[in-house]
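Structure record follows, encoded as structure tokens.
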Amino acid sequence: MTDPIDEAGLALHGALVSGERLDGLPPGCKPTSEDQAYAIQQCIVDHDGGLSGWKVGAADSAAQPRCAPLLTSRVTEDADARMQLHRFSLGGIEAEIAVRLARDLPPRQEPYQRNDVLAAIGTVHAAIEVLDTRYRDWAAADGLSKLADLQNNGLFVLGPPQTDWRGLALETMSVTLSADGAIIKQANGGNPAGDPIRLLQWLANERASRGPWLQAGNIVTLGSCTGVWDATPPTAVVAHFEGLPPVSLQVEP
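Position 248 of the sequence shown, counted from 1, bears residue number 248 in the UniProt record's numbering, the numbering being contiguous throughout.
Written out as structure tokens, the structure is:
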């Protein structure tokens, strides 16, 4: 008998690779808990060949965060990053703050505190996330099914590192998202979750208890600071956060 977690993960990974969209998960395979959704995510990672890090976010400053792996196959640090919009069902673009960890955060008896995760950050980066879905009718999919589907991740572009970041106010940092030189979105802070380090602290404890834990070299992106923007190709998109090198993405038809 096929395990429903494996069956759901295989269906989502097949859609990820082929570009075909699912009318829904196979019968009896829809997750009914966060535990099941996270197990499906791990199945996708296992079939795809590994992860480069995590995305984490929350609806507001009091909401429970949720996370999803960043597949290595969907992460680029290319300064000339490009995407073909027709390959994405959603294609929404977000500007985000990301960090790269300099040390492991393995399981331990005491929960990780704010200072622990701050000490684990090696570099801070501007980033662009492109949203996508493996479902034909994304709006009709329930929240746990979207969580299982990598929390709508399609592509992640990591900008150059900022090593001298400790004087930066990540929670209130100004950001602009521009297309062909024209500012499309701008904000001061802008992350609905509020303090991004709260998200990193939650993620460190969540992964330490659930596995796999956060490791040196992992990228963690800390949620959208601009909301979603739907690009019209061709256009050159640039996300610029105060104090960080900009990151760009060429959006092609």
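Quick reminder that beta carbons are idealized off the backbone N, C-alpha and C, glycines included.
How big is the Cα-Cα spacing for residue i and residue j?
{"i": "E34", "j": "N152", "result": "15 Å"}
{"i": "S145", "j": "N218", "result": "25 Å"}
{"i": "T235", "j": "S209", "result": "42 Å"}
{"i": "P106", "j": "L214", "result": "7 Å"}
{"i": "G91", "j": "G154", "result": "8 Å"}
{"i": "A141", "j": "S174", "result": "33 Å"}
{"i": "N191", "j": "P27", "result": "36 Å"}
{"i": "E20", "j": "E77", "result": "26 Å"}
{"i": "A120", "j": "A216", "result": "8 Å"}
{"i": "G53", "j": "R100", "result": "9 Å"}
{"i": "A239", "j": "P246", "result": "6 Å"}
{"i": "V124", "j": "W165", "result": "6 Å"}
{"i": "D60", "j": "S224", "result": "12 Å"}
{"i": "H47", "j": "T32", "result": "22 Å"}
{"i": "S89", "j": "P196", "result": "28 Å"}
{"i": "P160", "j": "T2", "result": "44 Å"}
{"i": "L12", "j": "G143", "result": "15 Å"}
{"i": "M83", "j": "V75", "result": "12 Å"}
Got a sec, what are the start and stop residues for the beta strand (DSSP E) residue i sits in?
{"i": "P69", "result": "66 to 71"}
{"i": "N157", "result": "In the sequence under discussion, the amino acid at residue 157 is Val, which differs from the Asn named in the question. Where V157 is concerned, the enclosing beta strand (DSSP E) stretches over 153 to 158."}
{"i": "R136", "result": "Neither: R136 is in no beta strand (DSSP E) and is coded neither H nor E."}
{"i": "residue 265", "result": "No answer is possible for residue 265: it lies beyond the span of the chain, which begins at 1 and ends at 253."}
{"i": "E34", "result": "Here E34 belongs to no beta strand (DSSP E); instead the alpha helix (DSSP H) covers 34 to 48."}
{"i": "S52", "result": "51 to 57"}
{"i": "L101", "result": "92 to 101"}
{"i": "R82", "result": "82 to 84"}
{"i": "F241", "result": "235 to 241"}
Excluding the 5 residues flanking residue i on each side, which residues of the same chain have their C-beta closer than 8 Å to its C-beta?
{"i": "I93", "result": "I128, E129, V130, L131, L177, V228, W229, D230, A231, V237, L249, V251"}
{"i": "D6", "result": "C43"}
Is residue i helix, strand or coil by DSSP?
{"i": "Y112", "result": "coil"}
{"i": "K146", "result": "helix"}
{"i": "E171", "result": "coil"}
{"i": "W213", "result": "coil"}
{"i": "N191", "result": "coil"}
{"i": "V251", "result": "strand"}
{"i": "L222", "result": "strand"}
{"i": "V117", "result": "helix"}
{"i": "R21", "result": "coil"}
{"i": "L199", "result": "helix"}
{"i": "L12", "result": "helix"}
Using C-beta distances below 6 Å, list every residue in its chain close to residue i, excluding the 5 sequence neighbours before and after it, in chain order.
{"i": "P65", "result": "V56, A58, L199, W202"}
{"i": "H243", "result": "For clarity, residue 243 is Gly in the given sequence; the question names His instead. Closer than 6 Å at the Cβ level, and outside the excluded window around G243, lie L168."}
{"i": "T221", "result": "K55, E96, A98, A127"}
{"i": "A204", "result": "L105, Y112, V117, L214"}
{"i": "N188", "result": "T172, S174"}
{"i": "C29", "result": "P4, E7, A8"}
{"i": "A81", "result": "V157, L249"}
Closer than 7 Å by C-beta to residue i: which residues in its own chain qualify, once you throw out the five before and the five after it? Chain order, please.
{"i": "V45", "result": "L51, P69, L71"}
{"i": "E206", "result": "C67"}
{"i": "R136", "result": "R21, L22, D23"}
{"i": "P233", "result": "L85, V251, E252, P253"}
{"i": "I184", "result": "L177, S178, W229"}
How about residue i: is its Cβ closer than 7 Å to a heavy atom in the ligand FAD?
{"i": "L105", "result": "No copy of the ligand FAD occurs in the structure displayed, which carries no ligand at all."}
Of all Cβ atoms in chain D, is any one closer than 8 Å to the Cβ of residue i?
{"i": "H86", "result": "Chain labels in this structure do not include chain D; a single protein chain is all it has."}
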